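Here our numbering is used: the sequence shown runs in plain steps of one and ends on residue 232.
Cβ atoms here follow ideal geometry from the backbone N, Cα and C, with glycine treated the same way.
Quantities reported herein were computed from a predicted structural model and do not represent experimental measurements.
Below you'll find the structure, written out as structure tokens, and then a few comments.
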Amino acid sequence: MDHKSKLLQRIKDHEAVVGVVGLGYVGLPFAVEKAKVGYQVIGIEQNPVRAQKVNRGENYIGDVKDEELRQLVVQGKIRAETDFERVPEMDVIVVCVPTPLTKNLTPDLQYVERVTREIAKRLRPGQLISLESTTYPGTTEEVMLPILESSSLKADQDFFLVHSPERVDPGNKRYTTRNTCKVVGGVGPNSLEVGVAFYSQTVEKVIPVSSAKVAELVKIFENTFRAVNIALVNELALLCDRRD
Ligand SMILES: NC(=O)c1ccc[n+]([C@@H]2O[C@H](COP(=O)([O-])OP(=O)(O)OC[C@H]3O[C@@H](n4cnc5c(N)ncnc54)[C@H](O)[C@@H]3O)[C@@H](O)[C@H]2O)c1
């Protein structure tokens, strides 16, 4: 069986080992979601306090239910590490690290770059890497792809690479990770196929788009749309206050 067919089979049978890099607001709920449907989840979290908490089943994120995390840890379904040594065991690696702005308001990609270099050192054929962090259009193809291919493995043939932005609205009772549409863009058709298969296991509607860049733009557009709406409502609230 080729790399893609083997990975697709492991994803569909829920036998894939899922790595989650960065166990914060995005990464920890994601890890729990995947472990709940049977995947073996290995988290990589550089903050040792957070990693220890996860391994004791102690939740520190609002959207995660304490008891759910505890049970998954007791069952051996989730384990957190502080280094990248177990990357070769992972079939899927989901990157959820911070993407802040520098003081000059340019994108600060140091976390994404550092994590990608660590993955590249240990990359093996048949792995899917997905970037979920919010970032500018081009990051997956122009920043991650060359670092990963420096391993001498070829994207879309030996390994698969997608961008799938995290779109969850923390605290929202109506829209959860399961019923919020998930956008996926790959660096090629094989990556897209594997990415869509992976996310379809836990999300009701997955929307494939034509490239990783398009998926990145979707998220930037959504954040801009939200910011404009918040500003509009704030202005209206000020106006209403004055008319009171
Ligand atoms: N919080 C949200 O509601 C939300 C929603 C959508 C998208 N996002 C995006 O998702 C990304 C992650 O956001 P977040 O809110 O989860 O951030 P967070 O700060 O809560 O979590 C990030 C985690 O990554 C860890 N980390 C940093 N560098 C690491 C490394 N080299 N190796 C391993 N772990 C490392 C940090 O210790 C931290 O625990 C950002 O790009 C953010 O913009 C966030």
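Whether residue i touches residue j by CB criterion (8 Å)
i, j, result
"Val131", "Leu97", "yes"
"Ala39", "Ala68", "yes"
"Ile135", "Ala108", "yes"
"Leu180", "Val150", "yes"
"Val184", "Met78", "no"
"Val156", "Val9", "no"
"Asp144", "Gly176", "yes"
"Gly26", "Leu11", "no"
"Pro95", "Tyr124", "yes"
"Pro113", "Leu141", "yes"
"Val182", "Leu(-4)", "yes"
"Val202", "Gly173", "yes"
"Ile66", "Val100", "no"
Cα-Cα separation between residue i and residue j, rounded to whole angstroms
i, j, result
"Thr128", "Asn43", "31 Å"
"Lys0", "Gly64", "21 Å"
"Gln115", "Pro36", "26 Å"
"Asn167", "Asn178", "25 Å"
"Gln34", "Ala225", "42 Å"
"Ile195", "Leu119", "16 Å"
"Cys84", "Pro153", "9 Å"
"Thr292", "Glu3", "As shown, the chain starts at -11 and ends at 232. That puts residue 292 outside it, with no answer to give."
"Arg105", "Leu227", "51 Å"
"Asn211", "Leu205", "10 Å"
"Asp232", "Ile49", "39 Å"
"Leu57", "Val14", "15 Å"
"Arg(-2)", "Lys207", "29 Å"
"Val52", "Leu16", "8 Å"
"Ile218", "Lys161", "20 Å"
"Ser188", "Gly126", "24 Å"
"Asn222", "Thr122", "25 Å"
"Arg18", "Asp229", "Reading the sequence as shown, one finds Phe at residue 18 and not Arg. Computed Cα separation, rounded: 41 Å."
"Glu46", "Glu55", "9 Å"
"Ala215", "Phe209", "10 Å"
"Lys91", "Phe213", "24 Å"
Residues bridged to residue i (per DSSP)
i, result
"Ser234", "Lying before the first or after the last residue shown, residue 234 is absent from the chain, which here runs from -11 to 232."
"Leu89", "Pro95"
"Gly7", "Ile30, Ile81"
"Ala143", "Phe147"
Distance cut-off 7 Å: residue i Cβ against heavy atoms of ligand 1
i, result
"Tyr13", "yes"
"Thr165", "no"
"Asn35", "yes"
"Pro134", "no"
"Arg105", "no"
"Cys169", "no"
"Gly159", "no"
"Pro86", "yes"
"Gly126", "no"
"Val62", "no"
"Ile32", "yes"
"Ser121", "yes"
"Tyr99", "yes"
"Val9", "yes"
"Arg38", "yes"
"Arg102", "yes"
Minimum Cβ-Cβ distance from residue i to chain B less than 8 Å
i, result
"Gly159", "Here there is only one protein chain, and chain B is not present."
Contained alpha helix (DSSP H) runs [length at least 4] in the region 150 to 203, N- to C-terminal order: 177 to 188
Every unbroken alpha helix (DSSP H) inside the region 29 to 69 [4 residues or more]: 36 to 43, 54 to 62
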